[in-house]
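Trainee: Have a look at this one before I ask anything.
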Amino acid sequence: MKVYKVLFALAAAAVALSFRADACTNVIVSPGASVDGSAMVSYAADSHWLFGELYFRPGAKWPAGSWLDITEWDSAKPLGRIPQAERTWQTVGNMNVHQLIIGETTWGGREEQVDTNGIMDYGSLIYVALQRASTAREAIQVIVDLANAYGYPSEGESFSIADPDEAWVMDLVGKGSDNKGIVWVARRIPDGYICAHANQCRITRFPWNDPENCLYAPDVAEFARSKGWYSGSDEDFSFRDAYNPLDFGAARGCDARAWAAFNILCDGKFTYMDGDAEVTRPASDWLDYAMGYDLAGEMPLFVKPSRKLSVKDIADVMRDHFEGTPMDMRVDIGAGGNACPYRWRPMNFKVDGKTYVNERAIATQQTGFWFVGQARGWLPDEIGSLLWFGCDDAATSYLTPIYVNTKKVPECLREGNGDLLHYSPTAQFWINNRVTNACYRMYNAMEPVVRAEVNAYENRMMTEVSQFDQQMLKVYGKGSKGAVRKVLKKLTKFSVDNAQEQFAKWVELEETLTVKFIDGNVKAQDADGNFLHTQYSEGIPAGLTQPGYTERWKAAVARDNGAVLEVR
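Counting from 1, position 247 in the sequence shown corresponds to residue 247 in the numbering used here; the numbering is continuous, with no gaps.
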């Protein structure tokens, strides 16, 4: 076993728990790992301060001497300005018209690596790169050039970057206020494999002489040596261990989510490359690692899924709460009387001098927006660039398809239609939030009702998107200007109409949930959704039930206060 000569400069308290409460999760799928040959990136933008809306930036040509104002994505703080590019591409959310997708998760890193004088924060790097780059490799170069030229004021980041042909994962972090720029490494995901990251740097050792599959900063190891964070050879250098050392909190609160995604998509068996050999081992071999009990191992960066993956497979992974694992959030007493798989913040709590965790699963309450982006190389860019977009908690919200070449976004997703301090009855974020928060109070009864509606819509839309693609290909023909204009008009209508129709159905669903589950009761419905009533009155329910609480909850209450509550 090789010994890494990494010097861990972390305080004991930080080592014990370093959870991020505003954490995000990404899954990256290479073209060869999907059912239709598309590259995919999923992203949940999880922040207690982030509103769910769909960013829309039309492409443009800019006159010489134009400037671009840079505003910090997290805080809306003005950071400065940079020269505008001669031409920018249209972007919708985290995707552009050339089928380029970029997602991220933040992992912090060492405090001294933040450049407080920098201009290009991580959000600006994403959205400016989408405006300027056409491919994943171009995006990597744009990100590097901008951060090095103007400084990087954010914490460490993992970026998911994909185009129709390739998918990459990129780890980067700043050099501090006295060293403008970033250190970074990017690895191409082998075709047929997937990757996942969740607020913990994932790239450890990497190949130094394989530019087709690995790119990195020239000083990536030397900078760590200059700071005293590493003292070994280039070949033994681990980016993660130098710049984002693993601890209990990073494993349990972060890498556990990547493990959970792999566990689901690989059916409990990780197939990965060990040197030149493909190896398969049970996912349980990394369970102690994921739970933070044994940090000596190293979870694979890339794994081969057990089957070719669809958009629906990836969407449903984003709804995971560690179901069926020792971290299953439904089964301990923290789930309350109705098996609610959520724990309010903070991320840990203390009892009798011991610290305990509030689990952090992939699906979480503080999601602003989430998506699955599809880069579909067998279609022309005008049709192939597709973003499945949703708002709020992924477990009880739906994804609606938005063609990135649309000429406008739906009103329910428009920027400025509400925010976290101003309710809007026409905003998708707010109606999804109402449905989701309703479910939290009686989860085991209400979530199945909502999930059935989610599944019905997403499954129907995947069929309709496939049919619509074929219709648009016929209209597109050889790609004449007139044909393209017709295509863009039709895909705009498709994107807007479906989003608005589903929004209206979600408004109705919230009303149905209120009536059906009021006061802990469950009212019966027929196959068409009509509430059952007595023969004497249409306003008096028939078939009403009262499911009560889980057996675990009842046993816990009996143990806690049985002497008072026992019937004698």
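Heads up, the beta-carbon is just placed ideally off N, CA and C, and yes, glycines get one too.
1) Assign K408 to buried or exposed, taking buried as 16 or more other Cβ atoms, counted over all protein chains shown, within 10 Å of its Cβ.
2) Please check the pair G174 and I182, which I expect to be a contact at CB under 8 Å, by giving their CB distance rounded to whole angstroms.
3) Evaluate I540 with the Cβ neighbour count: other Cβ atoms within 10 Å of its Cβ, from every protein chain shown; 16 or more gives buried, anything less gives exposed.
4) Just to confirm before moving on: does the CB-CB distance between D382 and Y476 stay below 8 Å?
5) One question on the structure: do N498 and M442 come within less than 8 Å of each other, judged by their Cβ atoms?
6) Please determine if the segment 344-363 and the segment 373-389 are in contact, where contact requires at least 3 C-beta pairs separated by less than 8 Å.
7) DSSP has D171 in a bridge; who is on the other side?
8) Locate the alpha helix (DSSP H) running through V435, then write down its first and last residues.
9) Give the secondary structure of R202 by DSSP, where H, G and I count as helix, E and B as strand, and everything else as coil.
10) Does the Cβ-Cβ distance between E155 and V128 come in under 8 Å?
11) For A167, collect the residues of the same chain with a Cβ closer than 6 Å to its Cβ; drop the 5 residues on either side in sequence, then sort them by chain order.
12) Could you please give the first and the last residue of the uninterrupted alpha helix (DSSP H) stretch that includes L509?
13) Between M571 and A375, how many whole angstroms is the CB-CB distance? I'm expecting something under 8 Å.
14) With H, G and I counted as helix, E and B as strand and the rest as coil, what does DSSP make of S537?
15) Report the option in E508, N433, D332 and Y403 whose CA atom is closest to the CA atom of W553.
16) When DSSP labels each residue in this structure, what does N244 get in the three-state scheme?
17) From the DSSP secondary-structure annotation, give me the bridge partner or partners of I101.
18) Distance, Cα to Cα, R170 vs R187?
19) Could you check what DSSP says for T367 in three-state terms: helix, strand or coil?
20) Quick test of your reading: P346 and R330, contact by CB under 8 Å. State the CB separation rounded to the nearest angstrom.
21) Here's the rule I'm using: 16 or more other beta-carbon atoms within 10 Å means buried, otherwise exposed. How should L246 be labelled?
22) Along the chain, where does the alpha helix (DSSP H) containing W259 start, and where does it finish?
23) Among residues of its own chain, excluding the 5 on either side of D46, which ones have a beta-carbon nearer than 8 Å to its beta-carbon?
24) Buried or exposed for E453, please, with buried defined as at least 16 other CB atoms from any protein chain shown within 10 angstroms of its CB.
25) Just to confirm, is the Cβ distance from P397 to N444 under 8 Å?
26) Closer than 7 Å by C-beta to T573: which residues in its own chain qualify, once you throw out the five before and the five after it? Chain order, please.
27) Among all the DSSP beta bridges, which residues are the ones paired with L146?
28) Identify, in the order they occur along the chain, each residue of the same chain with its Cβ nearer than 7 Å to the Cβ of D313, setting aside the five sequence neighbours on each side.
29) Under a Cβ-count criterion, where at least 16 other Cβ atoms within 10 Å of its own Cβ denotes burial, should D320 be classed as buried or exposed?
30) Run through the DSSP bridge pairs and tell me what F389 is partnered with.
31) Based on Cα-Cα distance, which residue from W370, A261 and T436 lies nearest to E447?
32) Quick one: what's T355 bridged to in DSSP?
33) Between V404 and V92, is the Cβ-Cβ spacing less than 8 Å?
34) Which partner residues does V273 have in the DSSP bridge list?
35) Is the segment 198-218 close to the segment 230-237, with three or more CB pairs under 8 Å?
36) Can you tell me which of P63, V484, G52 and V142 puts its alpha carbon nearest to the alpha carbon of Y423?
Mentor: Short version:
1) exposed
2) 6 Å
3) exposed
4) Strictly speaking, residue 382 in this sequence is Glu, with Asp absent from that position. Yes, Cβ-Cβ distance for E382 and Y476 is below 8 Å.
5) no
6) no
7) S158 and V185
8) Q428 to Y440
9) coil
10) no
11) I28, S30, A39 and I189
12) K481 to K516
13) Outside the displayed range of the chain (1 to 568) lies residue 571, so it cannot be described from this structure.
14) coil
15) D332
16) coil
17) M95 and A162
18) Before going on, a small fix: residue 170 reads as Met here, not Arg. Answer to the nearest angstrom: the Cα atoms are 6 Å apart.
19) strand
20) The pair is not a contact, with the Cβ atoms about 21 Å apart (cut-off 8 Å).
21) buried
22) A256 to L265
23) D22, A23, C24, T25, T364, Q366, T367 and G368
24) buried
25) The sequence given here has Ser at residue 397, not Pro. No, these two residues do not count as a Cβ contact at 8 Å.
26) Because the chain here runs from 1 to 568, residue 573 falls outside it and cannot be looked at.
27) Answer is none; L146 lacks a bridge partner.
28) L265
29) buried
30) F371 and T400
31) T436
32) K350
33) yes
34) Before going further, note that residue 273 is Met rather than Val in the sequence given. DSSP lists E278 as partners of M273.
35) yes
36) G52
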